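Data block below; observations after.
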Amino acid sequence: MSSFLLIELLVYIILAVTAGIMLLFSPKIRMYARMRATPIIVGIVIYVLIRLAIMGLMSLESFYRKLTIATMPVQLLMVSLNAIIFVYMYMIFMKGGFSKLSSKTQIRGELVNVKWSDVIGMENVKAEAKEVVELIKDRARVKKIGGKILRGILMMGPPGCGKTYLAKAIATETGLPFISMSGSEFVEIFVGVGAARVRALFKKARELAYGNGGCIVFIDELDAIARKRVFSVFGGTEETNSTQNQLLAEMDGLQEKEDKTGEAKPEMNVIVIGATNAPEDTLDRAMLRPGRFDRKLYIDLPNLDDREKLFAFYLGKLKYDPSIDFARLARKSVYKSPADIENIVKEAALISTRDKRDMITLGDISEAMERIDLGLKHKLNMPLSEKKMTAYHEAGHLMALYLLHPTRDVFKASIIPRRGTLGVVHSQPTAEFHSANKEMLMADIKSKLAGYVAEKIGFNTTSSGVSEDFKQAMNIAHNMVWMLGMGGNNYLGDYTAIPPAQLSEKLKEDLNEETGKIFQSCLKSVEELLTKERPILDRFAKELIEKEELDYDEIDAIFKEYGKFGSMDAEKDRWRK
Amino acid sequence: MGRIKGLVLLFPALALFASVSLSGCGETYPKEKVNESVVKICKDEYNVDVKVESVGKTMAIYLPLEDLMDFTFSINKDASEKINDVILSVARVVLSTDADFNYYCVIAHDVRIPEIQIVIIKSVEDVKRLLLNDISRGEYSKRVLIDLRLNPQSQKERSVRDVFSKMSLDEKWQEQMMNDFFRAEPTGLGDIGYWGGKFYIKDVTKPEFLAEQMASRIKMDFKEAKALADAFTLKAAKGSYVASPEGNKYFKLEVLAEPKWFKDTTMSEASDKLFRAVLEIAGVVAHSYGFDDFGYVEIVDQAGVKTIRVPKDDLEKLRTRKIKYEDLPAMAQA
Numbered sequence: 001m002s003s004f005l006l007i008e009l010l011v012y013i014i015l016a017v018t019a020g021i022m023l024l025f026s027p028k029i030r031m032y033a034r035m036r037a038t039p040i041i042v043g044i045v046i047y048v049l050i051r052l053a054i055m056g057l058m059s060l061e062s063f064y065r066k067l068t069i070a071t072m073p074v075q076l077l078m079v080s081l082n083a084i085i086f087v088y089m090y091m092i093f094m095k096g097g098f099s100k101l102s103s104k105t106q107i108r109g110e111l112v113n114v115k116w117s118d119v120i121g122m123e124n125v126k127a128e129a130k131e132v133v134e135l136i137k138d139r140a141r142v143k144k145i146g147g148k149i150l151r152g153i154l155m156m157g158p159p160g161c162g163k164t165y166l167a168k169a170i171a172t173e174t175g176l177p178f179i180s181m182s183g184s185e186f187v188e189i190f191v192g193v194g195a196a197r198v199r200a201l202f203k204k205a206r207e208l209a210y211g212n213g214g215c216i217v218f219i220d221e222l223d224a225i226a227r228k229r230v231f232s233v234f235g236g237t238e239e240t241n242s243t244q245n246q247l248l249a250e251m252d253g254l255q256e257k258e259d260k261t262g263e264a265k266p267e268m269n270v271i272v273i274g275a276t277n278a279p280e281d282t283l284d285r286a287m288l289r290p291g292r293f294d295r296k297l298y299i300d301l302p303n304l305d306d307r308e309k310l311f312a313f314y315l316g317k318l319k320y321d322p323s324i325d326f327a328r329l330a331r332k333s334v335y336k337s338p339a340d341i342e343n344i345v346k347e348a349a350l351i352s353t354r355d356k357r358d359m360i361t362l363g364d365i366s367e368a369m370e371r372i373d374l375g376l377k378h379k380l381n382m383p384l385s386e387k388k389m390t391a392y393h394e395a396g397h398l399m400a401l402y403l404l405h406p407t408r409d410v411f412k413a414s415i416i417p418r419r420g421t422l423g424v425v426h427s428q429p430t431a432e433f434h435s436a437n438k439e440m441l442m443a444d445i446k447s448k449l450a451g452y453v454a455e456k457i458g459f460n461t462t463s464s465g466v467s468e469d470f471k472q473a474m475n476i477a478h479n480m481v482w483m484l485g486m487g488g489n490n491y492l493g494d495y496t497a498i499p500p501a502q503l504s505e506k507l508k509e510d511l512n513e514e515t516g517k518i519f520q521s522c523l524k525s526v527e528e529l530l531t532k533e534r535p536i537l538d539r540f541a542k543e544l545i546e547k548e549e550l551d552y553d554e555i556d557a558i559f560k561e562y563g564k565f566g567s568m569d570a571e572k573d574r575w576r577k
Numbered sequence: 578m579g580r581i582k583g584l585v586l587l588f589p590a591l592a593l594f595a596s597v598s599l600s601g602c603g604e605t606y607p608k609e610k611v612n613e614s615v616v617k618i619c620k621d622e623y624n625v626d627v628k629v630e631s632v633g634k635t636m637a638i639y640l641p642l643e644d645l646m647d648f649t650f651s652i653n654k655d656a657s658e659k660i661n662d663v664i665l666s667v668a669r670v671v672l673s674t675d676a677d678f679n680y681y682c683v684i685a686h687d688v689r690i691p692e693i694q695i696v697i698i699k700s701v702e703d704v705k706r707l708l709l710n711d712i713s714r715g716e717y718s719k720r721v722l723i724d725l726r727l728n729p730q731s732q733k734e735r736s737v738r739d740v741f742s743k744m745s746l747d748e749k750w751q752e753q754m755m756n757d758f759f760r761a762e763p764t765g766l767g768d769i770g771y772w773g774g775k776f777y778i779k780d781v782t783k784p785e786f787l788a789e790q791m792a793s794r795i796k797m798d799f800k801e802a803k804a805l806a807d808a809f810t811l812k813a814a815k816g817s818y819v820a821s822p823e824g825n826k827y828f829k830l831e832v833l834a835e836p837k838w839f840k841d842t843t844m845s846e847a848s849d850k851l852f853r854a855v856l857e858i859a860g861v862v863a864h865s866y867g868f869d870d871f872g873y874v875e876i877v878d879q880a881g882v883k884t885i886r887v888p889k890d891d892l893e894k895l896r897t898r899k900i901k902y903e904d905l906p907a908m909a910q911a
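Residue numbers (this note's numbering), protein chains in the order written: chain A, 1 to 577; chain B, 578 to 911.
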């Protein structure tokens, strides 16, 4: 036996030396080896393993050898069974499905049934989308004038702004089949499954395009597979990379084939619409270059007019009190997305049903908004002294917001506990502001500090309820001085960009002193206001203790009573404009 | 290129085929060298000298040891390890040979007192079943026959030599007479041993192995099971398989167990208790080996002077609790 092993070893050495010489001197064999490096290495490893297994078995006595061989098929079967069970369970519980695409992902365009008229607001985007539809429909005309056919459209913007809705509208208007998938459906722990799904998706899209003249592939949450690729030697993110590479290759493939034939084949008429909430700079640059996602549509939050239309649209589907003022609702719902507005209307319908009313009232909508924005009310046994303190605290906020803030409207004040707070003053911006100036930030600080001041005026002491207000106020003041150049003494620039160790102690002291000055000046201003308007403060506190909640109209009525109603209107109008 | 590729692929395929065919199919210990193999393994791996002889499907191994036991007849730890080493070596050989062995027995004795021998008899099938986890280690240990005994041949020869010396026979005649009249092959498992440089072994058969095992289990249970140990003092238990010229085949189990607390129980009750226990053992042994070449089991209670015969079918029903001992037909009790 040992002589056989020796001969075998000798032959291996001869083979290895021969192979080495051939690799060294024959470029053809070198090329062959390079081209088939993986199968050759895998083959050698498998051979060595089999040979070692045989050697191991040879060293056993015949009984144990037979025993081992006899149990091998069972072991193989068990290992295979375990693997199958594991993969099956994984696919079931993790909602995968290998590369197979669910039949639910494919929808016929006309069945989507979302018309342009259903897409409320976003007129600019809609105009662009209409143009895209025309381009998709009339590819021949585009080709004729030498124009580039659209391959992909990327919709970006905050969540709930109607990206999916717009994609559906595009599908309806073009009448093309619509395959909808989420980016997360391509992400799997099994390497290659994501890429296989992309291949399967485009294969299906081409088949549908062949029969229908075109097909729209909609990939929601595109950022799941279109994030910047990471090239790591450890291969930790290889699965996402390979999925993205496959998507790029498929989109390129569509382009190349078309360019070669000159005439667009129907099966090549596949348009990819991607949607993402992620900022553009987080996406891979290769995805964004022309030829992939040629057209980018930015879908923002709706403006005042759009929100008014959205309320009218969603309420139009239900029975509602005709006295509801949509413009007022729109003002009350600044920074709300269409999905938020739909949710508010749905919630209002539920409240109206619960209260056995046959139509939605303004009160239902207000309650729905509060539920969504402020959270559900919950009962808390509070001593009267704490209730009074809370009432003064909230009354302070209310008055500062109403009488000092140029860009916020107060809609509600409450001392009913919600989401861990004992009370709340609900205010909304008067318009969509995308930045803040010094006056607005100072007003923010004042309105935060007003709770503390009111407590002090009312009871000559203060509570722990001011901690969050102080934190926020101090943060704003700090940022004003350290980052925004809004402090005094010409301290301009963003000092947070400099490592703290490189700032002199003197400078830090000066900046902090400036922060303190802002803080103190705001505090003084609020103290003056609330001391001067003490009767109004007491009145609001009393009303809150009695009623626990004060609505927009009640608040206005009290201010009107003291001749303060609309005192900031001119200022607010100025800012709004 | 194709030819080179073919050659490159051919060699590994041939090497695999050759290694499998050269080594994968053959038995490790061919039957022609099976006895030598045991001797060689014991010598090479454990430095123990043994003698081996086979008869039929039984292999016997003689292991002389120094300091096998002390004056209390308890076995020395080193000697015990050597016995285990030899048992393991024999097991390796009998499992990996093309020779057909059903049993093997290891005969060990202390060279200072060769008359006292330890005889261990094992079934090869039991060893295989243990390795395949088909039986537990506890069950396996119950299936091994271990006997510390005075060598029957030595007893016989000592008595005969006394007679010879009285007759003043010379040494040569003594040996001649001994060979011609007093040295014979053993007829039962109890006669197996090694004496005077000669193996006294026989081919172990399944029924006699089972009969001996039943007796061995009776001894074990009456000593270790509290209910039985409290009720009886076992003096002797003997098992045999009888195949009469009339064609009757049966297990005969003779038990001499004196009941304790005789005042509280009648002799008849004690006998019933003994019969119940012995029948249970007999049923388990016959069933676990799938042995059915017997008509009945005869149990002799030598203390109570009572004998019962239980047919094979009833024995199985008793084992499976389909009938109770009390339900046995009266005729079964002789």
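Cβ coordinates follow ideal geometry from the N, Cα and C atoms, glycine included.
These figures come from a predicted structure and were not determined experimentally.
- Task: Show which residues of chain B have a CB atom less than 7 angstroms away from the CB atom of residue 63 of chain A.
- Result: Result: 672, 673.
Margin query: Tell me which residues of the region 30 to 55 of chain A have at least one Cβ-Cβ distance to chain B shorter than 8 angstroms, keeping chain order.
Written below: For the region 30 to 55 of chain A, the set of residues with a beta-carbon nearer than 8 angstroms to any beta-carbon of chain B comprises 32, 47, 50, 51, 54, 55, in chain order.
Q. Taking the continuous beta strand (DSSP E) assigned at residue 507 of chain A, which residues delimit it?
A. From DSSP, residue 507 of chain A is part of no beta strand (DSSP E) but of the alpha helix (DSSP H) over 505 to 532.
Coil, strand or helix - residue 682 of chain B by DSSP
When DSSP states are grouped into helix, strand and coil, residue 682 of chain B belongs to the strand group.
>> Quick check on the burial criterion: 16 or more other C-beta atoms within 10 angstroms. Buried or exposed for residue 289 of chain A?
In response: Residue environment for residue 289 of chain A: exposed (fewer than 16 other C-beta atoms within 10 angstroms of its C-beta).
Fully enclosed by the region 747 to 811 of chain B, which alpha helix (DSSP H) runs are 4 residues long or longer? Unbroken alpha helix (DSSP H) runs of no fewer than 4 residues, entirely contained in the region 747 to 811 of chain B, are found at 748 to 754, 783 to 801, 803 to 808, following chain order.
| Buried or exposed: residue 815 of chain B, going by 16 or more other Cβ atoms within 10 Å of its Cβ? | Buried, because 16 or more other Cβ atoms sit within 10 Å of the Cβ of residue 815 of chain B.
Exercise. Going along chain A in order, which residues have a C-beta closer than 7 angstroms to the C-beta of residue 605 of chain B?
Worked result: Within chain A, the residues near residue 605 of chain B are 61, 62.
| query | For residue 692 of chain B, which of helix, strand or coil comes out of DSSP? | reply | Residue state, collapsed to three classes: strand.
Looking at chain A, is there any beta carbon in it that lies within less than 8 angstroms of the beta carbon of residue 589 of chain B? Yes, residue 589 of chain B lies at the interface with chain A (some Cβ there is under 8 angstroms from its Cβ).
Can the beta-carbon of residue 329 of chain A be found closer than 8 angstroms to that of residue 360 of chain A?
It is not a contact, given that the beta carbons lie outside the stated cut-off.
- request: Could you pull the start and end residues of the alpha helix (DSSP H) that residue 551 of chain A belongs to?
  value: Here residue 551 of chain A belongs to no alpha helix (DSSP H); instead the beta strand (DSSP E) covers 549 to 551.
*Beta-carbon neighbours of residue 669 of chain B, restricted to chain A and to distances below 8 angstroms*: Per Cβ cutoff of 8 angstroms: 61, 63.
**Asked** Start and end of the alpha helix (DSSP H) containing residue 828 of chain B?
**Response** No alpha helix (DSSP H) holds residue 828 of chain B; the beta strand (DSSP E) holding it covers 826 to 836.
Would DSSP call residue 411 of chain A helix, strand or coil? Residue 411 of chain A carries a strand assignment under DSSP once its states are collapsed to helix, strand and coil.
Which of helix, strand or coil does DSSP assign to residue 480 of chain A? Of the three classes helix, strand and coil, the one that applies to residue 480 of chain A here is helix, per DSSP.
Straight-line Cα distance separating residue 853 of chain B from residue 845 of chain B: Going from the Cα of residue 845 of chain B to the Cα of residue 853 of chain B covers about 12 angstroms.
Exercise. When the Cα of residue 318 of chain A is compared with those of A:291, A:357, A:555, A:541, which residue comes out closest?
Worked result: Residue nearest to residue 318 of chain A within the set A:291, A:357, A:555, A:541 is A:357 (criterion: CA-CA distance).
Item checked: Top-ranked residue by Cα proximity to residue 212 of chain A, from A:443, A:226, A:136, A:299 -> Taking residue 212 of chain A as reference, the option from A:443, A:226, A:136, A:299 with the minimal CA-CA separation is A:136.
Query raised in the report: Run through DSSP, which three-state label would residue 817 of chain B get?
Result: Here DSSP, grouped into helix, strand and coil, assigns residue 817 of chain B to strand.
Measure the CB-CB distance between residue 313 of chain A and residue 120 of chain A and report whether it falls below 8 angstroms.
Yes, the Cβ-Cβ distance between residue 313 of chain A and residue 120 of chain A is below 8 angstroms.
Could you tell me the distance, in whole angstroms, from the CA atom of residue 272 of chain A to the CA atom of residue 122 of chain A? Between the alpha carbons of residue 272 of chain A and residue 122 of chain A lies a distance of about 21 angstroms.
Which residues mark the beginning and the end of the beta strand (DSSP E) in which residue 428 of chain A is found? Segment 424 to 429, the beta strand (DSSP E) holding residue 428 of chain A.
- Message: Any heavy atom of the ligand MN closer than 7 angstroms to the beta-carbon of residue 826 of chain B?
- Response: Looking for the ligand MN in the displayed structure turns up nothing, as the structure carries no ligands at all.
- Message: Just to confirm the assignment, what range does the alpha helix (DSSP H) spanning residue 733 of chain B have?
- Response: Segment 729 to 743, the alpha helix (DSSP H) holding residue 733 of chain B.
Query - Backbone CA spacing between residue 5 of chain A and residue 641 of chain B [nearest angstrom] - result: Answer to the nearest angstrom: the Cα atoms are 40 angstroms apart.
Legend entry - residue 80 of chain A (DSSP reduced to helix, strand or coil): DSSP, reduced to helix, strand and coil, places residue 80 of chain A within a helical segment of the structure shown.
Review point. DSSP beta-bridge partners for residue 573 of chain A?
Key: According to DSSP, residue 573 of chain A bridges with nothing at all.
Tell me whether the beta-carbon of residue 704 of chain B lies closer than 8 angstroms to the beta-carbon of residue 672 of chain B.
-> Yes. Within cutoff.
Give me the Cα-Cα distance between residue 235 of chain A and residue 242 of chain A, rounded to the nearest whole angstrom. In this prediction, residue 235 of chain A scores a pLDDT of 49, lower than 50, which makes its location untrustworthy; the coordinate-derived value is nonetheless stated afterwards. Answer to the nearest angstrom: the Cα atoms are 11 angstroms apart.
Exercise for the section: Between the Cα of residue 675 of chain B and those of B:880, B:894, B:604, spot the shortest distance and give me the residue it belongs to. Expected result: Selected option, being the one with the closest Cα: B:604.
Out of A:550, A:158, A:117, state which residue places its alpha-carbon closest to the alpha-carbon of residue 339 of chain A. When each option's Cα is compared against that of residue 339 of chain A, the closest is A:158.
Under the three-state reduction of DSSP, which class applies to residue 297 of chain A: helix, strand or coil?
In this structure, DSSP gives residue 297 of chain A an extended state, which the three-state scheme calls strand.
- Query: By a C-beta neighbour count over all protein chains shown, 10 Å radius and 16 as the cutoff for buried, is residue 820 of chain B buried or exposed?
  - Reply: By the neighbour-count criterion, in which a residue is buried when 16 or more other Cβ atoms sit within 10 angstroms of its Cβ, residue 820 of chain B is exposed.
Taking three-plus beta-carbon pairs below 8 angstroms as touching, is the region 674 to 689 of chain B in contact with the region 706 to 719 of chain B? At 8 angstroms Cβ cutoff, the stretches do not touch.
> Is it a yes or a no for the region 457 to 468 of chain A touching the region 366 to 374 of chain A, going by three-plus beta-carbon pairs under 8 angstroms?
Replying inline: With the cut-off at 8 angstroms, the region 457 to 468 of chain A and the region 366 to 374 of chain A do not touch.
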